Amino acid sequence: MEWYLNVLKNYAVFSGRARRKEYWLFILIHSVIATGLVIVDFQLQLYFILYMSYALVMLVPCMSVMVRRLHDIGRSGWWFFVSFVPAVGPIVLLVFLCLEGDREANQYGPSPKHTAA
């Protein structure tokens, strides 16, 4: 839960770097919450009002942590738009998000993994 809250604290920070652990734990908790809201919406017949509200609020934090994750592997945040290329784009983005970050400092800052260790 700490990783989820750290992303929310830095919700509009598009500079710097984010570790794989930070990104994927945030996505895991975000997915669990979103799934829970869909179930609640379905049970209460709210027509996805809770889920859509949550998704709208979380749009900027999700984008910022993805951009910082791309920075960790030395890629620009603009690489997010590769996901709009049919068929191969989402696969390329997924591979980028799974790659280990640069061990040394890159143009986006020092390594968050190796400075914390």
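Positions 8 to 124 (my numbering) are the ones given, in order, by the sequence shown.
Backbone N, C-alpha and C fix where the C-beta goes; we use that ideal spot for every residue, glycine too.
This structure is a prediction, so every number in the text was calculated from the model and none was measured.
Membership of Tyr115 in any alpha helix (DSSP H) is not indicated, and neither H nor E is assigned to it by DSSP.
In the three-state scheme derived from DSSP, where H, G and I count as helix and E and B as strand, Phe55 is classed as coil. According to the DSSP assignment, Trp86 belongs to no alpha helix (DSSP H), since it is labelled neither H nor E.
Using a Cβ distance threshold of 8 Å, Leu57 and Val72 do not count as a contacting pair. When the alpha-carbon of Arg82 is set against those of Phe33, Trp31, Gly116 and Lys16, the nearest one is in Gly116.
Between the alpha carbons of Ala41 and Leu63 lies a gap of roughly 11 Å. Put simply, of Met8, Glu9, Ala19 and Leu12 the residue whose alpha carbon is nearest the alpha carbon of Arg75 is Ala19. For Asp79, the uninterrupted alpha helix (DSSP H) run begins and ends at Leu66 to Asp79, by DSSP. Under the three-pair Cβ rule at 8 Å, the segment 20-32 counts as touching the segment 77-93.
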